[in-house]
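Peer 1: Using the working numbering, the letters of the sequence shown map in sequence onto residues 25 to 377.
Glycine included, C-beta positions come from ideal geometry on N, C-alpha and C.
On a predicted model such as this, the values are computed, not experimentally measured, just so you know.
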Amino acid sequence: MFAKKRGHTCLIASGMATLFVLMIVLYGTIGTHLQLGSSSFRQDYQLDRPLYKLDLSWPRNPELFTGEVFGVAVNQYAGVVYVAQRGDNVPKVLVFTTEGDFLMAWNTTTLEMPHGIFLADAASSNPTVWITDVGNGPNGHCIKQYSPSGNLLQVLGTPGKAGTGMNPLQFDQPAEIFVHDSGEMYIVDGDGGLNNRLIKLSKDQEVLWLHGEKGQNPAQFYIPHSVTVDSAQRVWVADRGNKRIQVFNSITGDWLGTWGSCFTEDAPYSVRLTPDKKYFVVVQLNTNQISLLDAPPVGLIGQCRVVSVIQLADEVKPHLVDLDLKTGALFVAEIGAQQAQKFTPFVLGASLI
């Protein structure tokens, strides 16, 4: 008799579990955290619909991550991902295919503490990798350009000397660089040092405009941490210390607006735009979240609106992100977990590319 009841109970429990899973798939509104194997992912919970899912197969050799992973950069044309990590006696850059195969490591002595990494001229025959270096040694406080195989090509700034100068150009813990297709550069400087600046340089590395005051007012910064440029001539800056994103006209440098209401619990650390130009991907390190925000139409900044959140496990500490502009895949550099992870678009009648 006991066996019958037990079997009947198990059948009911199984049916309820199946119904629960179907509810998650259909509605995508359950916020309960789920641990998936040994990955550092809990659950993508949605305000509207699911947008991304974790690719558990990327990379195929996760044991190659041996340091604190700080940045990622994707070459969508070559199908290559560059992962920057810091630490003693570790390769500063690991190179994988977008499918997860390991290609090479840079064991360069020209990098001390890589922070931000950006792939420029991806569509050309000579793409280059730009890396900001926040180290305090003889090679720190500058921004370096490398070939895809890790050969140092040029250095912006004064190596080993933190400063505020513009001629010659000096940085103090430069956080990130964004190189436009035109060759113009946008730099956020610095990651907790003397400077709190957004600088635009011409293709010839002449200063076109800058905002460089520390403060909480419009066009002032406190630890500007990430920068991106959209197709509507707008520059988006993750103003980390002020828990906001500020927006500027990329041509004139004029301040256009601020988003702050989405970041009451934690600051934005990274900002990137999805290939379809519909969403901004924003990382919040201390709450272990990746948020997708509605991108406003041309001529309007308005208020920020979160449409989807990827909730990572505790202490993962996502830092900077980049996207594969061909497939829409999202790559995340995670300091706490000491790894990079890949998320692919979860499409329900819509596309992120």
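Between Gly281, Ser206 and Gly164, which has its C-alpha nearest Arg110's C-alpha?
Peer 2: As a first step, residue 110 is located in the sequence shown; it is residue number 86 there, counting from the start. For the residues Gly281, Ser206 and Gly164, the minimum Cα distance to Arg110 belongs to Gly164.
Peer 1: Can Tyr76 and Phe287 be called in contact, C-beta distance under 7 Å?
Peer 2: Here the question's residue 76 lines up with position 52 in the sequence shown. Here the question's residue 287 lines up with position 263 in the sequence shown. Cβ distance not < 7 Å, so Tyr76 and Phe287 don't count as in contact.
Peer 1: One question on the structure: do Thr368 and Asp79 come within less than 7 Å of each other, judged by their Cβ atoms?
Peer 2: Within the sequence shown, the letter at position 344 stands for residue 368. Within the sequence shown, the letter at position 55 stands for residue 79. Yes, Cβ-Cβ distance for Thr368 and Asp79 is below 7 Å.
Peer 1: So, at 6 Å on beta carbons, what are the nonlocal neighbours of Gln270 in its own chain, with the 5 sequence-adjacent residues on each side left out?
Peer 2: As a first step, residue 270 is located in the sequence shown; it is residue number 246 there, counting from the start. Within the same chain, Gln270 has close Cβ partners Val261, Asp263 and Thr282.
Peer 1: Does DSSP put Gly265 in a helix, in a strand, or in coil?
Peer 2: The residue labelled residue 265 in the question sits at position 241 within the sequence shown. Correct three-state label for Gly265: helix.
Peer 1: Buried or exposed: which applies to Glu136, given that a residue is buried once 16 or more other Cβ atoms fall within 10 Å of its Cβ?
Peer 2: As a first step, residue 136 is located in the sequence shown; it is residue number 112 there, counting from the start. Per the 10 Å Cβ criterion, buried.
Peer 1: Just confirm the distance between the C-beta atoms of Leu222 and Leu232, as a whole number of angstroms; I'd bet it's less than 8 Å.
Peer 2: Counting from 1 along the sequence shown, the entry for residue 222 is found at position 198. Counting from 1 along the sequence shown, the entry for residue 232 is found at position 208. Not quite, the Cβ-Cβ distance comes to about 11 Å (not below 8 Å), so this is no contact.
Peer 1: Run through DSSP, which three-state label would Ala361 get?
Peer 2: Position 337 of the sequence shown holds residue 361. Coil at Ala361, not helix or strand.
Peer 1: Can you tell me whether DSSP reads Pro320 as helix, strand or coil?
Peer 2: For the purposes of this step, residue 320 is taken as residue 296 along the sequence shown, with counting starting at 1. The answer is coil: DSSP assigns Pro320 none of H, G, I, E or B.
Peer 1: Once the 5 residues before and after Gly284 are set aside, which same chain residues still bring their CB inside 6 Å of it?
Peer 2: Counting from 1 along the sequence shown, the entry for residue 284 is found at position 260. So the qualifying residues of the chain are Arg268.
Peer 1: Apart from the five residues just before and just after Lys238, which ones in its own chain have a Cβ nearer than 8 Å to its Cβ?
Peer 2: For the purposes of this step, residue 238 is taken as residue 214 along the sequence shown, with counting starting at 1. Contacts found: Asn220, Gln244, Phe245 and Tyr246.
Peer 1: Give me the residue from Asn160, Thr182, Gly189 and Trp154 with the minimum Cα distance to Glu200.
Peer 2: Taking the sequence shown and counting its residues from 1, one reaches residue 200 at position 176. Comparing Cα-Cα distances from Glu200 to each of Asn160, Thr182, Gly189 and Trp154, the minimum goes to Trp154.
Peer 1: Under the three-state reduction of DSSP, which class applies to Pro292: helix, strand or coil?
Peer 2: For the purposes of this step, residue 292 is taken as the residue at position 268 of the sequence shown. DSSP places Pro292 in coil when its eight states are reduced to three.
Peer 1: Assuming contact is defined by CB atoms lying nearer than 7 Å, are Val307 and Thr252 in contact in what I supplied?
Peer 2: Along the sequence shown, one-based indexing puts residue 307 at 283. Along the sequence shown, one-based indexing puts residue 252 at 228. In this structure, Thr252 does not lie closer than 7 Å to Val307 by Cβ.
Peer 1: Just to confirm the assignment, what range does the beta strand (DSSP E) spanning Met128 have?
Peer 2: Indexing the sequence shown from 1 puts residue 128 at position 104. Met128 -> beta strand (DSSP E) spans Phe126 to Trp130.
Peer 1: Can you name the start and end residues of the beta strand (DSSP E) that Trp154 belongs to?
Peer 2: The residue you call residue 154 lines up with position 130 of the sequence shown. Taken as a continuous stretch (DSSP letters only), the beta strand (DSSP E) holding Trp154 covers Thr152 to Asp157.
Peer 1: Distance, Cα to Cα, Ser315 vs Phe94?
Peer 2: Here residue 315 is taken as the residue at index 291 of the sequence shown, counted from 1. Here residue 94 is taken as the residue at index 70 of the sequence shown, counted from 1. Taking the straight line from one Cα to the other gives about 18 Å.
Peer 1: Going by alpha carbons, who is nearest to Phe355 out of Leu218, Ser255, Glu123 and Gln240?
Peer 2: Locating residue 355 in the sequence shown gives position 331, where the first residue counts as 1. When only C-alpha atoms are compared, the closest one is Glu123.
Peer 1: What's the C-alpha gap between Pro86 and Gly161?
Peer 2: Counting from 1 along the sequence shown, the entry for residue 86 is found at position 62. Counting from 1 along the sequence shown, the entry for residue 161 is found at position 137. Cα to Cα, the separation comes out at about 30 Å.
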